[in-house]
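Student:
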Amino acid sequence: MTASTRPTPRKALAAAGLAAALTLTLAACGSSGGSSPDSSMPGAHHGGTSSATTPAGHGSSMSGMPGMGRSVTGGGLADRADGYRLTSPDVTLMAGRTAPYRFTITGPDGKAVTRFAPEQTKRMHFYAIRSDLTGFQHLHPTMAPDGTWTAEPAALAPGRWRVFASFTPGGGSGEGKDFVLSRTVTVPGRATTAALPPAAHATRVDGYTVTVSGQPMAGMAHPLTVRVTKGGEPVTDLQPYLDTYAHLTAFHRGDAAFAHLHPTTAVHGDHGGPELSFHAELPTAGDWRLFLQFRTGGRLHTAALTLRVG
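Everything in the sequence shown is counted per my numbering, starting at 1 for the first residue and increasing by one.
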């Protein structure tokens with residue numbers, strides 16, 4: 001995997017213009033089975049409560065510009081890139097309870113990295129996803145003075161998991177570059193595989209309906225729009241979350257390749273919505289499981305749906 005470099009100011013301005021143009025092409029947006037772990041560990045833990053969803057219907061990151069998304073070469077499926085490496089002594093984690101996962105990022109000199117630049121207000125974003133794309137968690141671990149990070153995923157279900165570390169070094173040869181590295185971990189026990197829900201344009205969570213419009217094509221930048229409603233009425237009280245009104249992560253069916261997208265919609269107080277525009281650039285065709293996180297009334301919601309990419 002090769003890390004992506006941050007663009008020059010001229011490229012950043014060009015990218016901003018592209019995002020704006022993509023957004024203007026959209027009109028107002030209309031348009032788990034068995035013992036799935038989604039019901040026990042539905043989403044992220046950032047000090048708010050998050051919830052799982054049920055389907056409704058059949059069926060290069062830029063600092064200060066969250067809408068342009070992060071393009072990850074190789075889908076973040078490697079544990080090293082450009083001399084940086086994700087290392088961990090933990091290869092198994094206990095099932096059904098909070099299980100600390102310890103890891104370190106080492107640099108080209110082999111030493112632990114301790115300087116990280118904030119990305120969406122956090123120095124480290126940690127994701128966990130099971131091989132069947134259930135049990136999604138998005139955490140912000142803590143770092144000890146020696147560079148050891150500790151994440152605490154909650155109530156992991158038995159099975160094979162992939163954990164991702166998303167970060168930007170604050171110094172050294174990788175300064176200013178965005179990295180997404182990952183490793184696998186096993187949670188012992190009898191694993192029950194859940195079928196991936198079919199592709200759908202809408203899903204429900206906590207009384208909210210989240211509708212997605214747009215049809216991304218593999219390897220191409222396409223606009224994607226999300227509309228949030230409740231009881232048939234538009235939701236306009238979305239609160240800022242990680243410097244945006246929503247956070248969008250996607251994982252590819254089969255290999256769990258990672259994609260990180262953000263809304264292009266500017267943040268203006270606690271009154272976001274009902275529509276959010278995204279810059280979608282998914283590298284591979286097939287089914288992607290999307291996890292949209294948004295906050296209302298101090299509570300974090302996690303909506304999940306399957307998107308088919310041609």
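By construction, the Cβ of each residue, glycine as well, lies at the ideal position given by its N, Cα and C atoms.
The structure presented is a predicted model; accordingly, all values stated were derived computationally and were not measured.
Look at residue 192 and residue 157 and say whether their C-beta atoms are less than 9 Å apart.
Tutor: Cβ atoms of residue 192 and residue 157: closer than 9 Å.
Student: Mark residue 124 as exposed unless 16 or more other C-beta atoms lie within 10 angstroms of its C-beta, in which case mark it buried.
Tutor: Under this definition residue 124 is a buried residue.
Student: Run the CB neighbour count on residue 111, radius 10 Å, all protein chains shown included, and call it buried at 16 or more, exposed below.
Tutor: Per the 10 Å Cβ criterion, exposed.
Student: Can you give the Cα-Cα distance for residue 196 and residue 225, rounded to whole angstroms?
Tutor: Approximately 22 Å between the Cα atoms of the pair.
Student: Can you tell me whether DSSP reads residue 298 as helix, strand or coil?
Tutor: It is coil, neither helix nor strand.
Student: What is the DSSP secondary structure of residue 159, reduced to helix, strand or coil?
Tutor: Strand at residue 159.
Student: Taking DSSP as the reference, what is the three-state secondary structure of residue 269?
Tutor: In the structure shown, residue 269 sits in coil (DSSP, three-state: anything other than H, G, I, E or B).
Student: Would you check if the distance between the CB atom of residue 291 and the CB atom of residue 138 is smaller than 9 Å?
Tutor: Yes, the Cβ-Cβ distance between residue 291 and residue 138 is below 9 Å.
Student: If I'm right that residue 299 touches residue 238 with Cβ under 8 Å, what's the distance once you round it to whole angstroms?
Tutor: Not confirmed; about 11 Å, so no contact.
Student: Label residue 185 either buried or exposed according to how many other C-beta atoms from any shown protein chain fall within 10 Å of its C-beta, with 16 as the threshold for buried.
Tutor: The residue is buried, with at least 16 neighbouring Cβ atoms inside 10 Å.
Student: Based on DSSP bridge pairs, tell me the residues matched to residue 234.
Tutor: Bridge partners of residue 234: 229.
Student: Consult DSSP for residue 67 and reduce its assignment to one of helix, strand or coil.
Tutor: The predicted position of residue 67 is uncertain, since its pLDDT is 35 and thus under 50; a value taken from the coordinates is nonetheless stated next. Three-state result, residue 67: helix.
Student: Determine contact between the segment 77–84 and the segment 93–103, defined as no fewer than three beta-carbon pairs at a distance below 8 Å.
Tutor: The answer is no - the segment 93–103 does not touch the segment 77–84, with fewer than three Cβ pairs under 8 Å.
Student: Using only CA atoms, which one of 287, 86, 160 lies nearest to residue 199?
Tutor: Measuring from the Cα of residue 199, the nearest candidate turns out to be 287.
Student: Under 9 Å between the Cβ atoms of residue 121 and residue 270?
Tutor: Against a cut-off of 9 Å, the Cβ pair of residue 270 and residue 121 comes out as no contact.
Student: Would you identify the three-state DSSP class for residue 147, choosing helix, strand or coil?
Tutor: Three-state result, residue 147: coil.
Student: In this structure, does DSSP put residue 176 in helix, strand or coil?
Tutor: Residue state, collapsed to three classes: coil.
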